[in-house]
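A.B. asks: Got a structure for you, questions after.
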Amino acid sequence: MRFVFFAVISSAFFYKVSTNTNDVIPNEMELIFVHTIWRHGDRSPDGHLNNDPVDPTKWIKGGGGYGQLTPEGMEQQFILGKKLRDRYVETGFLHNFYDSQQIYIRSTDVNRTINSAISNMLGMFSTPSSRPGVDYPDIEGWPRGFMPVPIHSSGPANQDCVANAFCSCKRRNDLLEIAHEGEQFQNYIHSEPYIRITSQVSELFNNTFTWDNLWKVHDAVMIQLIHFPEAVHNQSWYSEKFFEELEELERPSKAFVSGLYDPPIVKGINVRREILKTRGGSLINDISGRMRTKATCARNPLKCDSYHKNLKYYAYSTHDHTVYALLAVLGLESVVDGPEKYGEWPDYASDILVELFHNSTDRSPYFRILYQKNINHTFEVITPQIKQCERRQFCSLNVFEHYAKEFRPDRPIQEFCQTPPGEDNRIATWINNNLLRRTEPSSASYNFEIPLISLILLLVIT
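Residue numbers (mature numbering (1 follows the signal peptide of the UniProt record, and there is no 0)): -19 to -1, 1 to 443.
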């Protein structure tokens, strides 16, 4: 079932935003499609802690309650929308007004991501160019310039494995249990800081906190420091050192739940790859398939259907863990906060741009990726950091498709998530991870070499 929400576009607010990036576009490169994947803006905490320094009734912003987009978060997304307008509307890539044939906005079915998409569209199309009687009713009482823009959702967030890296997935949980038998995780949970800090916060907040829910404490304290700093500073247990230690301990837990284990193979299974298939695999393949279709349209316009011919901009309004999952499958997770803070998830209103180009010289498709850490940063080209792109700003679409194939779920995602990593699956996975020698793709092409023994084993297990 699909759900459609509506954003309201206003001409009442304007921001001057810089769109400087470290990119130079050659004349032969024509931009033909854009995917954008952003994190929602500032929100209230996801829930209440025992002995919480902030009373639940204090969270009245953004409709009130937990997990809601705040006015600060709305502003962040509004500013991001203005940046995207400067980049794609003012340059003529998109029409000056909302065009339903050009633009598709998708959100998880969560209030804060839906409202982030609404706020983003408000920033992107908040100009006097909206046409009364065409884009909105020319009647008394209707705010001038307001235009509803559809925000689509693909059902409950726990079933949306494209836009939600934390969708319900038993296989992922089973893989995490296997991963936790590895030396890296065992060293983490038996370390002195882990034992000391989890014991401390468990006592402070009268609950049991371990690696998988420690984020709730850090999340609550971090947000309370933004909105109610005095309430936190007045607590006898709070100090900057306490928060820094909590943050440093929580960071590896985010990397673990994201599947970033080193070494990646535990009990014969590449847990890193298999977990990432359940987190970012569906999203990168959704993007990859759409880019290939659009690239084919650019090469053979007469064979292109009208929907894909006109579509130029596809946005995902998502969460920090989803943005991080896409970066991780591309090997770009360190762009969030550098290798010294490995495991840190993206900030509010962080944004990935995946731009698709058609090269008029060789008539081939190329992509590049840009990343904005938050609204106080500009978009930076990060494509050269992708290993197979060989430090190039523009990289062959074949390389993106290589990553999509590597992390593609082995079955339809709902079925895949119900498939346990059993003995047969372990053998097949071990063969794929250890015996299939992959020739790293260049920016032009890629291929695979399969040893004879792998083929024999595959025949045996099938």
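Glycine included, C-beta positions come from ideal geometry on N, C-alpha and C. For clarity, every value in this text was computed on a predicted model and none was experimentally measured.
1. Please classify Ser341: is it buried, with 16 or more other beta-carbons within 10 angstroms of its beta-carbon, or exposed?
2. Arg93 and His21: beta carbons closer than 7 Å?
3. Taking three-plus beta-carbon pairs below 8 Å as touching, is the region 287 to 296 in contact with the region 79 to 98?
4. What first and last residue would you give for the beta strand (DSSP E) that runs through Leu334?
5. Going straight from the alpha carbon of Val380 to that of Gln167, what length do you get?
6. Reducing DSSP to helix, strand and coil, say where Ala144 ends up.
7. For Leu337 and Phe14, which I take to be in contact (beta-carbon distance under 8 Å), what is that distance rounded to the nearest angstrom?
8. Does the region 92 to 108 come into contact with the region 60 to 75, if we say contact requires no fewer than three beta-carbon pairs (one atom in each stretch) closer than 8 Å?
9. With DSSP collapsed to three states, give me the class of Leu50.
10. For Gly270 versus Leu257, is the C-beta spacing smaller than 7 Å?
11. With a Cβ-Cβ cutoff of 7 Å, do Ile178 and Glu226 count as a contact?
12. Are Ser88 and Ser298 close, meaning C-beta to C-beta below 7 Å?
13. Specify the secondary structure class of Leu313 as computed by DSSP and reduced to three states.
14. Cβ of Gly262 within 7 Å of Cβ of Pro109?
15. Please look up how many angstroms separate the CB atoms of Pro52 and Gly45, rounded, as I've assumed it's under 8 Å.
16. Is Gly324 near Ala236, with beta carbons less than 7 Å apart?
17. In chain order, what residues of the same chain have a beta carbon less than 6 Å from the beta carbon of Thr266, not counting five sequence neighbours either side?
18. Starting from residue 445 and walking both ways along the beta strand (DSSP E), at which residues does that stretch end?
19. Would you mind reading off the limits of the beta strand (DSSP E) that contains residue 485?
20. Going by DSSP, which residues form a beta bridge with residue 449?
21. Which partner residues does Cys285 have in the DSSP bridge list?
22. Is the beta carbon of Val202 closer than 7 Å to that of Phe190?
23. Rounded to whole angstroms, what's the CA-CA distance from Tyr69 to Val115? Just pull it up for me.
24. Pro327 and Asp301: beta carbons closer than 7 Å?
25. Rounding to the nearest angstrom, what Cα-Cα distance links Ser377 and Ser345 in this structure?
26. Roughly how far, in whole angstroms, is the beta-carbon of Cys398 from the beta-carbon of Arg112, given that I think they are within contact range, below 8 Å?
27. Straight-line CA distance for Leu334 to Asn355?
28. Assign Asp23 to buried or exposed, taking buried as 16 or more other Cβ atoms, counted over all protein chains shown, within 10 Å of its Cβ.
29. How many Å lie between Asn96 and Tyr329 at the Cα?
30. Are there any heavy atoms of the ligand SAH lying less than 6 Å away from the beta-carbon of Ile204, as far as the coordinates show?
31. Would you report the Cα separation of Asn194 and Glu228, rounded to the nearest angstrom?
32. Go ahead and pull the three-state DSSP assignment for Ser269.
33. Could you check the C-alpha separation between Met55 and Ile99 for me, to the nearest Å?
34. Would you give the residue range spanned by the beta strand (DSSP E) that Arg87 belongs to?
35. Could you check the C-alpha separation between Val5 and Gly28 for me, to the nearest Å?
36. In the DSSP assignment, the alpha helix (DSSP H) including Gln216 goes from what residue to what residue?
C.D. replies: By the coordinates alone:
1. Along the sequence shown, one-based indexing puts residue 341 at 360. That one is exposed.
2. As a working note, residue 93 is residue 112 in the sequence shown. As a working note, residue 21 is residue 40 in the sequence shown. In contact: Arg93 and His21 (Cβ atoms closer than 7 Å).
3. yes
4. Position 353 of the sequence shown holds residue 334. Run containing Leu334: Asp332 to Asn340, per the beta strand (DSSP E) assignment.
5. If you number the sequence shown from 1, residue 380 lands on position 399. If you number the sequence shown from 1, residue 167 lands on position 186. Their Cα atoms are separated by approximately 35 Å.
6. As a working mapping, residue 144 is identified with position 163 in the sequence shown. Coil at Ala144, not helix or strand.
7. Taking the first residue of the sequence shown as position 1, residue 337 is located at position 356. Taking the first residue of the sequence shown as position 1, residue 14 is located at position 33. Sure, about 4 Å apart at Cβ, within 8 Å.
8. Short answer: they touch.
9. The residue labelled residue 50 in the question sits at position 69 within the sequence shown. Leu50: strand per DSSP, three-state reduction.
10. Translated into the one-based positions of the sequence shown, residue 270 becomes position 289. Translated into the one-based positions of the sequence shown, residue 257 becomes position 276. For Gly270 and Leu257, no; Cβs fall outside 7 Å.
11. For the purposes of this step, residue 178 is identified with residue 197 of the sequence shown, where counting begins at 1. For the purposes of this step, residue 226 is identified with residue 245 of the sequence shown, where counting begins at 1. Yes.
12. Within the sequence shown, the letter at position 107 stands for residue 88. Within the sequence shown, the letter at position 317 stands for residue 298. Cβ atoms of Ser88 and Ser298: closer than 7 Å.
13. Against the sequence shown, residue 313 aligns to sequence position 332. DSSP places Leu313 in coil when its eight states are reduced to three.
14. On the sequence shown, residue 262 is found 281 positions in, with the first residue counted as 1. On the sequence shown, residue 109 is found 128 positions in, with the first residue counted as 1. The answer is no: Cβ separation not under 7 Å.
15. One-based indexing of the sequence shown puts residue 52 at position 71. One-based indexing of the sequence shown puts residue 45 at position 64. Rounded, the Cβ-Cβ distance is 12 Å, inconsistent with contact.
16. Translated into positions along the sequence shown, residue 324 becomes position 343. Translated into positions along the sequence shown, residue 236 becomes position 255. For Gly324 and Ala236, yes; Cβs fall inside 7 Å.
17. Here residue 266 corresponds to residue number 285 of the sequence shown, with the count starting at 1. The sequence given here places Asn at residue 266; Thr does not occur at that position. In its chain, beyond the 5 residues on either side, Ala385 and Arg389 have a beta carbon closer than 6 Å to the beta carbon of Asn266.
18. This structure leaves residue 445 out entirely; the chain is present only between -19 and 443.
19. Past the boundaries of the shown model lies residue 485; the chain is included only from -19 to 443, so the question cannot be answered.
20. It is not possible to answer for residue 449, since the shown part of the chain is limited to -19 through 443.
21. Within the sequence shown, residue 285 is the residue found at index 304, counting from 1. The partner list for Cys285 (beta bridge, DSSP) is empty, contrary to what the question assumes.
22. Taking the first residue of the sequence shown as 1, we reach residue 190 at position 209. Taking the first residue of the sequence shown as 1, we reach residue 202 at position 221. It is not a contact, given that the beta carbons lie outside the stated cut-off.
23. Start at 1 with the first residue of the sequence shown, and residue 69 comes out as number 88. Start at 1 with the first residue of the sequence shown, and residue 115 comes out as number 134. Rounded to whole angstroms, Tyr69 to Val115 spans 22 Å at the Cα level.
24. Counted from its first residue, the sequence shown places residue 327 at position 346. Counted from its first residue, the sequence shown places residue 301 at position 320. Cβ atoms of Pro327 and Asp301: closer than 7 Å.
25. Taking the sequence shown and counting its residues from 1, one reaches residue 377 at position 396. Taking the sequence shown and counting its residues from 1, one reaches residue 345 at position 364. When rounded, the distance between both Cα atoms is 8 Å.
26. On the sequence shown, position 417 is the one that residue 398 refers to. On the sequence shown, position 131 is the one that residue 112 refers to. Not quite, the Cβ-Cβ distance comes to about 46 Å (not below 8 Å), so this is no contact.
27. Counting from 1 along the sequence shown, the entry for residue 334 is found at position 353. Counting from 1 along the sequence shown, the entry for residue 355 is found at position 374. About 13 Å.
28. Here residue 23 refers to the residue found at position 42 of the sequence shown. Buried, since its Cβ has 16 or more Cβ neighbours within 10 Å.
29. Within the sequence shown, the letter at position 115 stands for residue 96. Within the sequence shown, the letter at position 348 stands for residue 329. Whole-angstrom Cα-Cα distance: 13 Å.
30. With respect to small molecules bound, the structure shown includes none, and the ligand SAH cannot be examined in it.
31. Taking the sequence shown and counting its residues from 1, one reaches residue 194 at position 213. Taking the sequence shown and counting its residues from 1, one reaches residue 228 at position 247. Answer to the nearest angstrom: the Cα atoms are 13 Å apart.
32. Locating residue 269 in the sequence shown gives position 288, counting from the first residue. In the structure shown, Ser269 sits in a helix (DSSP, three-state: H, G or I).
33. For this step, residue 55 is matched to residue 74 along the sequence shown. For this step, residue 99 is matched to residue 118 along the sequence shown. Those two C-alpha atoms are separated by around 9 Å.
34. The sequence position of residue 87 within the sequence shown is 106, counting from 1. Run containing Arg87: Ile84 to Ser88, per the beta strand (DSSP E) assignment.
35. Position 24 of the sequence shown, counting from 1, holds the residue named residue 5. Position 47 of the sequence shown, counting from 1, holds the residue named residue 28. If you take the alpha carbons of Val5 and Gly28, they lie about 45 Å apart.
36. Numbered from 1 along the sequence shown, position 235 holds the residue referred to as residue 216. No alpha helix (DSSP H) holds Gln216; DSSP gives it neither H nor E.
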